[in-house]
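Protein chains: 2
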Amino acid sequence: MSKRVLILGGDGFCGWPTSLHLSAQGHEVHIVDNLVRRRQDEELGVQSLTPIRPLSERLKAWQEHSGREIAFTALDIAHDYGQLRDLLAQWRPEAIVHFAEQRSAPYSMKSPRHKLYTVDNNLNATHNVLCAMVEVGLETDCHLVHLGTMGVYGYKTSRFKLPEGYQKIRLLSPDGNDSVETEILYPPDPGSIYHMTKTQDQLFFYYYNKNDGLRITDLHQGIVWGTETPETCCDERLINRFDYDGDFGTVLNRFVMQAAVGHPLTVHGTGGQTRAFIHIRDTVRCIELAIAHPPAPGERVRVFNQTTETHRIRDLARLIHELTGAPIDFVDNPRKEQDENELKVENQGLQNLGLAPITLSAGLLAEVSEVAARYRHRCDLTKIPARSRWRPQTASCPPERDSDPVGAPVHSERQHD
Amino acid sequence: MSKRVLILGGDGFCGWPTSLHLSAQGHEVHIVDNLVRRRQDEELGVQSLTPIRPLSERLKAWQEHSGREIAFTALDIAHDYGQLRDLLAQWRPEAIVHFAEQRSAPYSMKSPRHKLYTVDNNLNATHNVLCAMVEVGLETDCHLVHLGTMGVYGYKTSRFKLPEGYQKIRLLSPDGNDSVETEILYPPDPGSIYHMTKTQDQLFFYYYNKNDGLRITDLHQGIVWGTETPETCCDERLINRFDYDGDFGTVLNRFVMQAAVGHPLTVHGTGGQTRAFIHIRDTVRCIELAIAHPPAPGERVRVFNQTTETHRIRDLARLIHELTGAPIDFVDNPRKEQDENELKVENQGLQNLGLAPITLSAGLLAEVSEVAARYRHRCDLTKIPARSRWRPQTASCPPERDSDPVGAPVHSERQHD
Ligand SMILES: NC(=O)c1ccc[n+]([C@@H]2O[C@H](COP(=O)([O-])OP(=O)(O)OC[C@H]3O[C@@H](n4cnc5c(N)ncnc54)[C@H](O)[C@@H]3O)[C@@H](O)[C@H]2O)c1
Ligand SMILES: NC(=O)c1ccc[n+]([C@@H]2O[C@H](COP(=O)([O-])OP(=O)(O)OC[C@H]3O[C@@H](n4cnc5c(N)ncnc54)[C@H](O)[C@@H]3O)[C@@H](O)[C@H]2O)c1
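Chains A and B supply the protein sequences, listed in that same order.
Here full-length UniProt numbering is used: position 333 in the first sequence is 333, and no number is missing along the way.
Here full-length UniProt numbering is used: position 270 in the second sequence is 270, and no number is missing along the way.
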């Protein structure tokens, strides 16, 4: 069923292929973006490895190619509240997909200015969307789909599978002799300013769902890899962005690109960190599925773990090394995180809705390698190192202490693994 | 031991008597305030019942009276980051007391503009303070004392006493057959946009404590009543503010004032809501105690419930009725909250540090009545009703569903009460 879908952040890495995919599926798509991501490239003196076109050219190319029109409004959803509200009032979207946040952890840690920007942008952006939905009366006719991150759970070894958002617990009485069962949002444990804003977003959603009955799906996405979807690769003018720099580049795409340009694979610390991943083609499918299955009116915030597999970073590096011969370089970890962790994730929700997961394979890696190789002449090697540090170099930056989500010593959690 | 104490929001209802009290105790006090609270009075067309003086006059009077100087810098801590940072860098406070947030739940719900203002002001304010402390290197030499609210726990009947911030739980495995004990921040359950920002503040504190080792005490304060402290009542120019209007007036002071002006006591719904209270004289003592006992370096965020007793609203109304003969008026509840709840609160932390709680007594009420009676000619009766609604009047506004902190049905919680 065709819906009016507003894509906030539709010029970005996930937003652009999603816009094309939903348009191709017959949805009426309207993109909102303030193009700040392109300005961040300028700020950092870096470019997408792939030659992305101005949004106007992208939209024109899509129309030529598909015969479908995608509308675009340039506005800053964190600061142009009135314009956002008027757009919602006039167009009355049936779904809003919210990608429009500063999404890089290293960028969020670069300097005080970057911390402030990330907090101000992400929190006001998310809140403006919710507040505007209520102001124009979109409580029941519209569904907000938000892109969160698996990082809200924190990357620590946990004894049980991470649930999809909600965790069953027994609350213990002060003397420990009595208890009561209940279900809570999994205790958040952010690892950067960026991740922190996503844990705070969850409280916005909780409150607006409770007070105003807004229908919301929060997708806790893993690290996205890959570049192209069937729609972006059918015309070079539609090509998706490929971030490889130390701030916005994500780990697996960075390894593939490093191999393509003959740079050693930069592994932080021991590389023992286990992370959750998803291919960009599954990202767009998941969003399609989320839009097709809004929560019922009155239902609590729906949470899915939008991730298809987990891998240890050094295993990924070894895999790319085996495929390409690229050497591996273990570098000082600029982040404050546990060097080694396990990660078990519940992710049946989206599969129950019909997702058939794409998992890591040599074939898919070859495809990314091919993109990286085609555009390697565009790579600026000096932009590869991850320079943003979680603590100043002078201060000690020990790996994060092995603690539970609120910093108390863990009792029995590790002993059973 | 005398400390350099920076008071953010030192012109407000709690901040002003705290500044005087700490100055009287021998601390070096510096107030920061953008005076927005006075502008909100103008916006709402209302005045403090008591004739508060301009801050400059207050400070002059204090110097005349005590011989002590309190410094003042006018700045908006949510938006003047550079100035805030420079002040911290130059003055290097040993303690920062952070009152500078929009603190009224009804004000935060008045309109979209008020929601946006509350979110933008409170979240950027708190984050700017933390970010600046790190930028200027105040991780170990300084201690941040923040005023939170008992409302972060949500006002639902809970089986056990609300702990001071941290709750012991057993995390259950998906099949329910296994579990692991841990401790988490009590699952937040905000009841307004204002309360929501305070639950988000907790995540700022959690993160900056974890990543940067900031030393932080978060005081979950109950509803403050009373007006005068020993320092504010020694000169009329030092008088504290007394809010009685439907937005900023808090319940017990409103009842006393309503009785003084011959207005019926306005009880929302059945008045079965139980809330936590503290007298303003204990507020200033608690902050003194918190400053004297900073968490150790490396310690997690310290949380105290800054409240001395709990009362059911209709019982308070009855008490005032018995003392004064004022009639009670049960009005439609404009808020979305449970009409009836129990509240059991752990509050030994501050008492262990030396607080000797002041509790509700006819003598103390008489003192507040006396202030209210003295200034009743300043009261604008049209400003008494609470007009801010949690949901538009057209929309249904049923009492909040009886659910656990994350909106799931409660299993056994109520049955055992
Ligand atoms: N890329 C990943 O690996 C990944 C992983 C997990 C979660 N996510 C989440 O998915 C979402 C999209 O990520 P992405 O990789 O596409 O990021 P991106 O930076 O490529 O895209 C974000 C887009 O939003 C726009 N934007 C930002 N702030 C805006 C504002 N205030 N007003 C209007 N537009 C604004 C940017 O210009 C950009 O086009 C983010 O919320 C991110 O946290 C991404
Ligand atoms: N009054 C109560 O009953 C009560 C109960 C629980 C918690 N609290 C908390 O205690 C704190 C103080 O409450 P209060 O009753 O004194 O409130 P208040 O509004 O009287 O005082 C707050 C002060 O902060 C200032 N301020 C606000 N935003 C600012 C900014 N961005 N920059 C600089 N100054 C700013 C205001 O001008 C005002 O003087 C609040 O955080 C509140 O949430 C109060």
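Just so you know, even glycine gets a beta-carbon here, dropped at the ideal spot from N, CA and C.
All values derive from a computational prediction rather than experimental measurement.
*Does ligand 2 have even one heavy atom less than 7 Å from the beta-carbon of B/Ala100?*
Yes, ligand 2 has a heavy atom inside 7 Å of this Cβ.
*Look at A/Glu346 and A/Thr270 and say whether their C-beta atoms are less than 8 Å apart.*
No, the pair does not count as a contact, with Cβ atoms beyond the cut-off.
*8 Å Cβ cut-off: residues of chain B touching A/Glu135*: Those within 8 Å of A/Glu135 in chain B are Pro112.
_Using beta carbons (cut-off 8 Å, strictly below), is B/Thr307 in contact with chain A?_
False, the Cβ-Cβ gap to chain A never drops below 8 Å.
*Please report the residue range of the alpha helix (DSSP H) in which B/Glu42 lies.*
Per DSSP, the continuous alpha helix (DSSP H) segment holding B/Glu42 begins and ends at Val36 to Leu44.
_Which listed residue (B/Gly176, B/Arg281 and B/Leu355) has its alpha carbon closest to that of B/Ser19_ = Among B/Gly176, B/Arg281 and B/Leu355, the Cα nearest to that of B/Ser19 is on B/Arg281.
*Taking only the alpha-carbon atoms, compute the straight-line gap between B/Pro385 and B/Gln393 and give it to the nearest angstrom.*
Each residue's Cα considered, the two are about 15 Å apart.
*Return the bridge partner residues of A/Ser369 from the DSSP annotation.*
DSSP output for A/Ser369 lists no bridge partner at all.
*Confirm the yes/no value for this check: CB of B/Thr250, any heavy atom of ligand 2, distance under 7 Å.*
It does: the Cβ of B/Thr250 is within 7 Å (strictly closer) of some heavy atom of ligand 2.
*Paired residues, beta bridge with A/Glu279 - DSSP*: Here the sequence assigns His to residue 279 of chain A, which means Glu is not the residue at that position. A/His279 has A/Trp225 as its beta-bridge partners, per DSSP.
*Buried or exposed by the 16-neighbour rule on C-beta atoms within 10 Å, applied to A/Asp315*: By the neighbour-count rule (16 or more Cβ atoms within 10 Å), A/Asp315 is not buried but exposed.
*asked:* Strictly under 8 Å for the Cβ-Cβ distance: is A/Asp11 near chain B by that measure?
replied: No, no contact with chain B.
_Option nearest B/Thr274 by Cα separation, candidates B/Ser158, B/Glu322 and B/Arg170_ = For B/Thr274, the nearest C-alpha among the options comes from B/Ser158.
_Terminal residues of the alpha helix (DSSP H) in which B/Lys210 lies_ = Boundaries of the alpha helix (DSSP H) harbouring B/Lys210: Ile193 to Asp212, taken from the DSSP string.
*What residues match up with B/Tyr166 in a beta bridge as DSSP calls it?*
Answer by DSSP bridge pairing, in chain order: B/Leu185.
*So what's A/Gly82 in DSSP terms, helix, strand or just coil?*
Here A/Gly82 carries a helix assignment [DSSP, helix/strand/coil].
*Going by CA-CA distance only, name the one from A/Leu214, A/Ala24, A/Ser108 and A/Glu370 that's closest to A/Trp260.*
According to the sequence shown, residue 260 of chain A is Ala rather than Trp. The option with the nearest alpha carbon to A/Ala260 is A/Glu370.
_Under DSSP, the alpha helix (DSSP H) around A/Ile77 begins and ends at which residues?_
Unbroken run through A/Ile77: none, as it is neither H nor E.
*Kindly indicate if chain B contains any beta-carbon less than 8 Å away from that of A/Val410.*
Annotation note: pLDDT 33 at A/Val410 (below 50); position unreliable, coordinate value reported separately. Chain B places a beta carbon closer than 8 Å to that of A/Val410, counting this residue as a contact.
_By DSSP's criteria, B/Ile310 is part of a beta bridge. Which residues make up the other side?_
For the sequence presented, residue 310 of chain B should be read as Thr rather than Ile. Per DSSP, the beta-bridge partners of B/Thr310 are B/Ala276.
*Nearest to A/Gln256 by CA position, among A/Leu171, A/Ile70 and A/Asp243, is which residue?*
Before going further, note that residue 256 of chain A is Val rather than Gln in the sequence given. Scanning A/Leu171, A/Ile70 and A/Asp243 for the CA closest to the CA of A/Val256 turns up A/Asp243.
*Since I believe B/Leu203 is in contact with A/Pro190 (beta carbons under 8 Å), could you give me their beta-carbon distance rounded to a whole number of angstroms?*
7 Å between Cβ atoms; contact.
*Cβ-heavy atom distance between B/Asn34 and ligand 2 below 7 Å?*
Indeed, a heavy atom of ligand 2 lies less than 7 Å from the Cβ.
*Are the C-beta of A/Pro51 and some C-beta of chain D separated by less than 8 Å?*
Of the protein chains in the structure, A and B, none is chain D.
_Taking only three categories from DSSP, how would you classify A/Ala132?_
Residue state for A/Ala132 is assigned as helix, using DSSP reduced to three classes.
*According to the neighbour-count rule (16 or more other Cβ atoms, all chains shown, within 10 Å of its Cβ), is residue 428 of chain B buried or exposed?*
Nothing can be reported for residue 428 of chain B: it is not among the residues displayed for chain B, which extend from 1 to 417.
*Classify A/Met1 as buried or exposed, calling it buried when 16 or more other Cβ atoms lie within 10 Å of its own Cβ.*
Classification of A/Met1: exposed, given that the 10 Å Cβ count is below 16.
*List, in order along the chain, the chain B residues whose C-beta lies closer than 7 Å to that of A/Leu162?*
Within 7 Å Cβ-Cβ: nothing; A/Leu162 doesn't reach chain B, min ~10 Å.
*Under three-state DSSP, which class holds B/Asp178?*
Residue state, collapsed to three classes: coil.
*asked:* Using a 10 Å radius around the Cβ and a threshold of 16 neighbouring Cβ atoms, would you call B/His114 buried or exposed?
replied: With 16 or more other Cβ atoms inside 10 Å of its own Cβ, B/His114 counts as buried.
_Shorter than 7 Å, the distance from the beta carbon of B/Asn352 to the closest heavy atom of ligand 1, or not?_
Flag unset: Cβ of B/Asn352 not near ligand 1.
*Flag A/Asp404 as yes if its beta-carbon sits less than 8 Å from any beta-carbon of chain B, otherwise no.*
Residue confidence is low: A/Asp404 scores 47 on pLDDT, short of 50, so the model does not pin down where it sits. Its coordinate-derived value is still stated next. At least one CB atom of chain B sits nearer than 8 Å to the CB of A/Asp404.
*Helix, strand or coil: which one does DSSP assign to B/Arg302?*
Residue state, collapsed to three classes: strand.
*For B/Phe248, I'd like the list of residues in its chain whose CB is within less than 7 Å of its CB, leaving aside the five on either flank, ordered along the chain.*
Only Ser104 and Tyr107 meet the Cβ criterion.
*Would you call the segment 204-220 of chain B and the segment 209-218 of chain A in contact, with 3 or more CB pairs under 8 Å?*
Contact fails between the segment 204-220 of chain B and the segment 209-218 of chain A, because fewer than three Cβ pairs, one in each stretch, are under 8 Å apart.
*Is any heavy atom in ligand 1 found nearer than 7 Å to the beta carbon of A/Leu203?*
No, since every heavy atom of ligand 1 falls outside the 7 Å radius drawn around the Cβ of A/Leu203.
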